[in-house]
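Asker: Every position in the sequence shown, counted from 1, becomes a number in our numbering once 90 is added. Built from N, CA and C at the ideal position, the CB exists for glycine as well. Before we start, here is the structure in question, set down as structure tokens.
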Amino acid sequence: MTTATNKVEIRRGLMGVYFDRSDSCFIDGTVGKLLYRGYDIHELAENSTFEEVVHLLLFGKLPNRKELDAFDKQLRADRDIPDKVLDIMDTVKNGHPMDVLRTAVSALSAFDPEVKDNSEAAIIRKGLRLTAKAPTIVAAHDRLRKGLKPVKPNASLNHAGNFLYMLNGKMPSEDEMHIMDVDFILHAEHGSNASAFAARVAASTQTDLHSAVVAGIATLKGPAHGGAAEEVMKMAEEIGRPENAESYARNILDHGGRVMGFGHRVYKAEDPRARHLRDRSHTLGISKGQPQWFEILAKLQEVMKPYQAKGIYVNVDFFAGSIYYLMGIPDDIFISIFALGRIPGWTLNVAEQYRSNILIRPLTDYSGPMDVPYTPISKRN
Ligand code: CMC
């Protein structure tokens with residue numbers, strides 16, 4: 091038992107601490123390598139689809155054609171959300187999209203027939219239903235807060251295309267669908283990051299998947315995790331023109347601040363996910379007649395070059411914000427897009443936790459006073 095007099099080793103932020111084994115995600119932060127179930131993220135981003143990757147993550151194998159067709163059909167069939175959940179969303183529609191997503195996922199638990207079933211098969215089925223429904227929530231909320239009617243899911247479109255369709259109320263271009271698909275692939279899973287760990291901590295108490303995903307959404311919302319893409323784009327908008335980027339960044343750094351979209355707890359080389367968004371941010375900017383955003387980001391990268399010696403490189407969020415912005419997506423939905431991609435990852439982490447569950451309950455080393463005599467309220471100053 092730890093007491094105030096014990097000397098214990100404290101790893102703040104659990105930095106460098108391994109708490110379990112996993113066969114789903116490998117990250118080598120020193121060289122910027124990321125594998126999902128052994129497959130290189132570059133191969134998946136270049137050749138695969140989000141639907142295939144979700145199958146890979148949750149069932150451990152890339153699907154063959156027949157498996158993919160059945161799997162995709164089920165995902166498309168599960169997109170609708172109950173009207174009562176829409177009513178709840180309408181009541182809280184002035185909240186941040188992540189708060190509304192968190193609330194709606196929580197509300198969905200009341201409508202899921204398997205909410206209490208924590209068998210691995212049920213966890214995966216529930217995770218897939220949440221994966222299918224979450225884009226409907228994010229898109230419907232944006233419509234509701236704009237005074238528009240939510241757009242019904244379109245079963246002829248893939249996961250990424252249907253999300254853009256429901257959000258904007260018009261057919262996305264092939265290019266936009268592909269970019270969103272790649273973006274979802276890149277965000278699908280990332281080991282024991284803060285939100286996945288939060289989901290695992292929740293699962294370790296034997297709670298249900300919906301509760302664990304709510305914990306994941308709540309944790310992803312912070313600017314040190316999923317919130318960075320929104321912050322990067324706000325920064326780019328404040329900078330306004332490429333020639334202002336250097337003085338803007340220097341001002342942040344000289345005051346001990348952080349330039350958003352740089353740095354990562356695990357990657358001390360470039361985040362491998364950033365590569366796939368960099369080129370797209372560039373080409374999309376040119377095709378939309380707004381090359382300035384990529385130019386601002388490129389300038390920021392230049393200013394931050396000396397920080398590479400400290401292991402600070404761009405992360406996945408650095409270029410993501412500019413891509414969403416160029417697709418006409420409101421800034422405050424950027425984190426929700428991260429969440430849409432990550433639901434399979436949270437589901438996988440919860441399933442893994444359940445497979446050999448143990449309550450996650452670390453310790454803090456007490457450093458306060460001991461055995462303080464109790465003073466009755468009448469005698470307190
Ligand atoms: N700009 C300038 N300096 C930085 C930055 C940055 N973005 N990130 C870290 N540093 C410095 C930090 O000031 C510290 O310097 P010193 O040693 O002189 O005190 C050093 O690097 C180590 O920083 P740390 O906070 O101890 O590192 P961490 O591993 O705890 O932080 C981080 C990781 C992501 C919280 C941090 O890099 C950060 O705040 N970045 C900006 C926010 C961001 O882009 N987050 C998205 C992460 S990627 C998406 C995801 O997977 O969640």
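#1: Below 8 Å, how does it come out for the segment 435-445 and the segment 346-356: are there three or more Cβ pairs, yes or no?
#2: Which whole-angstrom value describes the C-beta separation of G185 and A359, a residue pair presumed to lie in contact below a C-beta threshold of 8 Å?
#3: Under 7 Å, do S294 and L449 count as touching if we go by C-beta distance?
#4: Answer yes or no: do V175 and L147 have a C-beta to C-beta separation smaller than 7 Å?
#5: Among K395, L124, F201, S282, which one has its Cα closest to the Cα of E336?
#6: Pull up the distance between the alpha-carbon of K389 and that of E142, whole angstroms please.
#7: Could you name the residues of the same chain whose beta carbon sits closer than 6 Å to that of W51, not counting the 5 residues immediately before and after it, in chain order?
#8: Mind checking V406: buried by the 16 CB within 10 Å criterion, or exposed?
#9: For F352, name the three-state secondary structure that DSSP assigns.
#10: So is the beta-carbon of H354 under 6 Å away from any non-hydrogen atom of the ligand CMC?
#11: Shortest alpha-carbon distance to H280 belongs to which of P463, D130, N447, R102?
#12: Hey, out of S246, P240, D271, V190, whose CA is closest to N258's CA?
#13: Give the C-beta separation of M323 and D421 to the nearest angstrom, bearing in mind that I take them to be a contact with Cβ-Cβ under 8 Å.
#14: On the DSSP letters alone, give me the boundaries of the alpha helix (DSSP H) that Y444 sits inside.
#15: When you compare the CB positions of F161 and H277, do they come within less than 7 Å of one another, or not?
#16: Would you check if the distance between the CB atom of R219 and the CB atom of V304 is smaller than 7 Å?
#17: Have a look at M105 and R355 and give me their C-alpha separation to the nearest angstrom.
#18: By DSSP, does I450 sit in helix, in strand, or in coil?
#19: For I131, name the three-state secondary structure that DSSP assigns.
#20: Could you tell me if K216 is buried or exposed, where buried requires 16 or more neighbouring beta carbons within 10 angstroms of its beta carbon?
#21: Can we count A318 as close to the ligand CMC, meaning its CB is less than 6 Å from some heavy atom?
#22: Taking the straight line between their C-alpha atoms, what separation do you get for I213 and I227?
#23: What does the Cβ neighbour count give for H231, buried or exposed, with the cut at 16 atoms within 10 Å?
#24: Buried or exposed for R451, please, with buried defined as at least 16 other CB atoms from any protein chain shown within 10 angstroms of its CB.
#25: Does the distance between the C-beta of A229 and the nearest non-hydrogen atom of the ligand MG fall short of 6 Å?
Answerer: To lay it out plainly:
#1: no
#2: Their Cβ separation, rounded to whole angstroms, is 37 Å, which puts G185 and A359 out of contact at 8 Å.
#3: yes
#4: no
#5: K395
#6: 36 Å
#7: The structure shown does not extend to residue 51, since the chain spans only 91 to 471, so no value can be given for it.
#8: buried
#9: strand
#10: yes
#11: D130
#12: P240
#13: 6 Å
#14: 424-445
#15: no
#16: no
#17: 8 Å
#18: coil
#19: helix
#20: buried
#21: yes
#22: 20 Å
#23: buried
#24: exposed
#25: Summarising the ligand content, the structure contains the ligand CMC and does not contain the ligand MG.
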